[in-house]
Ligand SMILES: Nc1ncnc2c1ncn2[C@@H]1O[C@H](COP(=O)(O)OP(=O)(O)O)[C@@H](O)[C@H]1O
Ligand SMILES: Nc1ccn([C@@H]2O[C@H](COP(=O)(O)OP(=O)(O)O)[C@@H](O)[C@H]2O)c(=O)n1
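Numbering (our numbering), first residue to last: 1 to 216.
Structure, rendered in structure tokens:
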């Protein structure tokens, strides 16, 4: 097992389906290595919130990108938990609402929005752990260590029900729908190690990953 702090310039990618544990696991792996992690989903969520607050049609790319140019967002990749800032306003507490959950896949399906996210991620200086859907396939295909998290919809809904007001059945239905809308960008990289987090604790998932990392 690798013991941090990590001094190389490696990128570790952690992709997976909705609520599979990506950000919790990425945060734990990053803390074990003493490096930051980067939550790509937070940028899609922040773009969605901005569009919703501006009353935009989330299907229309041009007005949304114009809004994002006018109101630049900044991702702060803190190891303890990523944050997104709009000027002095911390958007983070508003990014995990059910309303953002419902709108985000439509926003993320637009190539112009994906380029807006990808450019910001590729501008970051490694080492870091990047989590999302297409970190190992599209954004950082050169990464030497790739993981893909899964778990059954019921397990994921039960976990998420501790963070949302809706009941487990409604959350499960929404997760299944979002997985379907996200299919295009959510294929595991051919060289990713797939981990079913269902039978594992959070700490066990983090250990499985850190044990497989190459030396810096
Ligand atoms: N074995 C596990 N692996 C990953 N996450 C777990 C596990 N068990 C419980 N969780 C919890 O599942 C919830 C969803 O995880 P999160 O990191 O938000 O997922 P994602 O980033 O994929 O949406 C968190 O509260 C996390 O602590
Ligand atoms: N790399 C990424 C990350 C997120 N997303 C989109 O952003 C949404 C929110 O992602 P997330 O990782 O914050 O949320 P959860 O799926 O973990 O709940 C996803 O449902 C996708 O629509 C994406 O398309 N590509």
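For glycine and all other residues, C-beta sits at the position ideal for the given N, C-alpha and C.
The closest heavy atom of ligand 2 lies less than 7 Å from the beta carbon of residue 182. Proximity of the segment 173-190 to the segment 127-146 meets the contact definition, three or more beta-carbon pairs being nearer than 8 Å. With a threshold of 16 other beta carbon atoms within 10 Å, residue 51 meets it and is buried. A residue is called buried once 16 or more other Cβ atoms fall within 10 Å of its Cβ, and residue 10 is buried on that count. Looking at the DSSP output, residue 149 sits in a beta bridge with 16 and 195. Between residue 156 and residue 20, the C-beta gap is smaller than 8 Å, which places the two residues in contact. Distances between the C-beta of residue 197 and the heavy atoms of ligand 1 include at least one below 7 Å. With respect to the C-alpha of residue 211, the residue from 32, 17, 75 and 135 having the closest C-alpha is 32.
In this structure, residue 28 sits away from residue 132, with a CB-CB distance that is not shorter than 8 Å. DSSP, reduced to helix, strand and coil, places residue 83 within a strand of the structure shown.
Within the same chain, no residue comes within 6 Å of residue 99 by CB-CB distance, once the 5 residues on both sides are set aside.
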